[in-house]
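Chemist: My questions will all concern the structure given below.
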Amino acid sequence: WDVSRPADPFKSSVLEGHKGWVRTCTWSPDGRFLATGGSDKTLRIWTISPSGAPLACHIDDHHHSLSLRDIAFSPLWTSHGG
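Residues 9 to 90 in the working numbering are what the sequence shown spells out, letter by letter.
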């Protein structure tokens with residue numbers, strides 16, 4: 009969602025890929041990546057362009073044993089560019 013005009017927010021893009029509910033998401037400290045985790049037991053790292061459009065997605069398909077409910081970026085991970 010683009011909320012640059014709070015009185016008139018609009019959907020700017022849709023990130024498709026999870027099979028099921030997205031349970032958690034977080035932005036990297038530098039704003040270049042968005043991590044999402046869901047009930048499909050996958051973690052996805054989205055590369056986001058300056059305009060807000062998705063550019064690429066890295067999928068961690070090791071299938072965690074449980075639905076992902078909380079994720080965070082490590083400052084070490086983002087300092088090395090992912």
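Using N, Cα and C, we set each Cβ at its ideal position, and we do this for glycine too.
Quick caveat: nothing in here was measured; it's all calculated off a predicted structure.
Could you pull out every residue in the same chain whose Cβ sits closer than 6 Å to the Cβ of Ile53, ignoring the five residues on either side in sequence?
Modeler: Phe41, Ala43, His66
Chemist: Alpha carbon to alpha carbon, how far is Lys49 from Ser75? Give it in angstroms, no decimals.
Modeler: 5 Å
Chemist: Note down the Cα distance separating Ser21 from Trp9, rounded to an integer number of angstroms.
Modeler: 7 Å
Chemist: Which residues share a DSSP beta bridge with Asp10?
Modeler: Phe18
Chemist: For Trp35, which beta-bridge partners are listed by DSSP?
Modeler: Leu42
Chemist: Give the single residue among Pro14, Asp16, Arg13, Arg77 whose Cα lies nearest to the Cα of Ser47.
Modeler: Arg77
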